[in-house]
Every structure is written in C-alpha cells, then in structure tokens.
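First comes the structure, then the notes that go with it.
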Amino acid sequence: MEEPIGTACCNGNVNDGVINDKTSSSSSKFPLTFWEMAVASSVVLGFLLGLACVYLTMPESDYGFLKLPRSLEDLQILRDHLESYTSDYTIQVLMGYCMVYIFMQTFMIPGTVFMSLLAGSLFGVLRGVALVVFTATAGASSCYFLSKLIGRPLVFSLWPDKLSFFQAQVAKRRERLLNYMLFLRVTPTLPNTFINVASPIVDVPYHIFFLATFIGLIPAAYVTVRAGIALGELKSVGDLYNFQSIATLFLIGVVTVTPTLMNKSKS
C-alpha cells in the first residue's frame, strides 16, 4: 500500500547504492574535495564577473544601498533607490536582478522571497511573475547541474534522512513523477532548496525537474509578486502566506497528484 505523499517518514532506510554512500561521505570533516571546491569557486567567479560588467555600465553614483535585502526595511530602501534607475537603465537592472537571483538559487542563499517582492514592486504583476519564474527556474536548474557534479557529499552530510525519504517517494512514483514533483513545488511539503540539490542525486530526470519547477512555481510567485506591489503595507514576511494562501497552494497541489492517486486505485 502506498504511503501518503505528505508523510514525513524521514527515518526510513533505503538500501541502494545512493544511500549506502552516506557513511563514507559524512565521516569526513569537510564534504567537498579540492576539485569540487574549485568548480564551485569557478561558478562564483563567473557570477561576480557578470555583476561587475553590469556595474561598469551603470552611471556613476553612490551604490552603498546595493546589498542583499535581509528584512523588509532593507528591501524598501533598495526599492526606493532602484526605482529611479529602472526606467532609464532597464536592461542593466534586469541583468543585475537575474544574476543575483540565479546566484542565490544556485548556492542556496536564503532571501529569494525578498527578490520576488522586489520584482513586483519594480515591474508589476505580469512582468514580475514572468521574471521571478524565469530566474527561479534558471537558478534551480543551475543548482541541479552543480549538485549533479559536486553535490552528492554535501547532500549526504546535510540531509541524510530527508534524502532517504525523498528517494523512496521518487522510486514509488516513477510512472507519474511529474505530478509528484509538481505537488512538491506547489506545496511546502519539502523545501525548494532541498528539492533543487537532491533531485539529481535521486535520479529525477532534468526534463521532469524543469517542467515541475517552471509550472509549479507560478502560484507562489504570483502570491509573492502581487504582495510586492503593496510593499509598504507589509509588516513581516509571514503576512505573505496566511491561511488562505497556504490552503490554496495545497489545493492546487492535491489537484496535481490526483491522476497519480486515481491510477494507483485502478491498478
């Protein structure tokens, strides 16, 4: 009998080659080798060079306000300064925004919710949602491929039990994997950061990962971007996801997995 999708059965053991590597990976003090660190450093350097090119094409000014927002106050200050540049230097602002968002997604840096709010505040709902979905999908894809290259020891070190649970669920839902991945993207069952870095480890094909990410992030992106238009009225990030918003996301998630459940019942 199939286990419920949302059950946090993270204590289960999966006896295959992927999970058997856990002991050897977690025994080392630092999970990445020298060459793996070199690959990650090269990616960081590439992003920094891109941001430097964007910076050099902007007009001379005091850019002390440019920093990753960690609070709504930081975000409002950043928005107030960027509004004056967005109309005259739209391409540079867009490129800088995309690079920062993709960089944060690639290296699992928290705070992308503030970037989504900023997109709504600067570009409106439709363009903001398109921008967030594009950058979030690109960043998740970048994280996917980087994890495929060097992420295995890091995932074993940080989330061994979650990885066991995730692999078991993926293995049982191979025939309807897209529905399951959509459910995970739409609902907060598993963190998006974990999904990005763990998917290549548990052999989720990239085309399924891409489609689930691109489609599944739209509802949450719409909620966040729309809130960004009324940025001054927000008192905390928690105001974004009230009971109604979370219930709506779960309802959409249940709809995405209904075909899987019906197929299991028939079989």
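If you count the sequence shown from 1, position 32 lands on 32 in UniProt numbering, and the numbers rise without skipping.
By construction, the Cβ of each residue, glycine as well, lies at the ideal position given by its N, Cα and C atoms.
Determine the DSSP secondary structure at residue i, reduced to helix, strand or coil.
| i | result |
| --- | --- |
| residue 116 | helix |
| residue 176 | coil |
| residue 199 | coil |
| residue 216 | helix |
| residue 67 | coil |
| residue 109 | coil |
| residue 136 | helix |
| residue 190 | coil |
| residue 89 | coil |
| residue 60 | coil |
| residue 155 | helix |
| residue 230 | coil |
| residue 124 | coil |
| residue 33 | coil |
| residue 205 | coil |
| residue 54 | helix |
Where residue i and residue j are concerned, what is the direct C-alpha to C-alpha distance, given to the nearest angstrom?
| i | j | result |
| --- | --- | --- |
| residue 172 | residue 205 | 15 angstroms |
| residue 156 | residue 66 | 35 angstroms |
| residue 2 | residue 178 | At residue 2, the pLDDT of 41 sits below 50, so the modelled position is not reliable; the number obtained from the coordinates is stated separately. Straight-line Cα distance between these residues: approximately 17 angstroms. |
| residue 227 | residue 47 | 29 angstroms |
| residue 229 | residue 102 | 22 angstroms |
| residue 105 | residue 113 | 11 angstroms |
| residue 210 | residue 141 | 7 angstroms |
| residue 117 | residue 165 | 32 angstroms |
| residue 136 | residue 43 | 17 angstroms |
| residue 52 | residue 219 | 33 angstroms |
| residue 132 | residue 187 | 17 angstroms |
| residue 34 | residue 197 | 20 angstroms |
| residue 49 | residue 57 | 13 angstroms |
| residue 23 | residue 143 | The predicted position of residue 23 is uncertain, since its pLDDT is 41 and thus under 50; no value can be drawn from it. |
| residue 88 | residue 119 | 17 angstroms |
| residue 270 | residue 60 | Limits of the chain in this structure are 1 at one end and 267 at the other, which puts residue 270 out of reach. |
| residue 86 | residue 147 | 34 angstroms |
| residue 145 | residue 207 | 12 angstroms |
| residue 107 | residue 192 | 12 angstroms |
| residue 139 | residue 68 | 16 angstroms |
| residue 214 | residue 84 | 31 angstroms |
For residue i, which residues in the same chain have their Cβ closer than 6 angstroms to its Cβ, ignoring the five residues on either side in sequence?
| i | result |
| --- | --- |
| residue 54 | 92, 95 and 96 |
| residue 98 | 135 |
| residue 115 | 101 |
| residue 221 | 129, 132 and 133 |
| residue 175 | none |
Identify, in the order they occur along the chain, each residue of the same chain with its Cβ nearer than 8 angstroms to the Cβ of residue i, setting aside the five sequence neighbours on each side.
| i | result |
| --- | --- |
| residue 170 | 177, 180, 202, 203 and 204 |
Can you tell me whether residue i sits near the ligand SAM, meaning its C-beta is under 7 angstroms from at least one heavy atom of the ligand?
| i | result |
| --- | --- |
| residue 54 | For the structure depicted, the ligand SAM is absent and the ligand set is empty, with no information on it obtainable. |
Rounded C-beta distance between residue i and residue j? I'm assuming under 8 angstroms.
| i | j | result |
| --- | --- | --- |
| residue 225 | residue 125 | 6 angstroms |
| residue 122 | residue 184 | Wrong, their Cβ atoms sit about 29 angstroms apart, outside the cutoff. |
| residue 75 | residue 217 | Not really, about 20 angstroms apart at Cβ, beyond 8 angstroms. |
| residue 72 | residue 234 | 6 angstroms |
| residue 182 | residue 212 | 5 angstroms |
On the CB-based measure, 16 or more other CB atoms within 10 Å of its CB, does residue i come out buried or exposed?
| i | result |
| --- | --- |
| residue 110 | exposed |
| residue 70 | exposed |
| residue 79 | buried |
| residue 262 | Residue confidence for residue 262 is low, a pLDDT of 48 falling below 50, so the modelled location carries little weight; the figure read from the coordinates is stated next. The residue in question, residue 262, is exposed, as its Cβ has fewer than 16 Cβ neighbours within 10 Å. |
| residue 90 | exposed |
Take residue i and list the residues in its own chain whose beta-carbon comes closer than 7 angstroms to its own, dropping the five residues that flank it on each side.
| i | result |
| --- | --- |
| residue 150 | 32, 36, 39 and 40 |
| residue 330 | There is no way to answer for residue 330, as the model of the chain reaches only from 1 to 267. |
| residue 77 | 65 |
| residue 127 | none |
Would you say residue i lies against chain B (beta-carbon separation less than 8 angstroms)?
| i | result |
| --- | --- |
| residue 151 | Going by chain labels, chain B is absent from the structure shown, which holds only one protein chain. |
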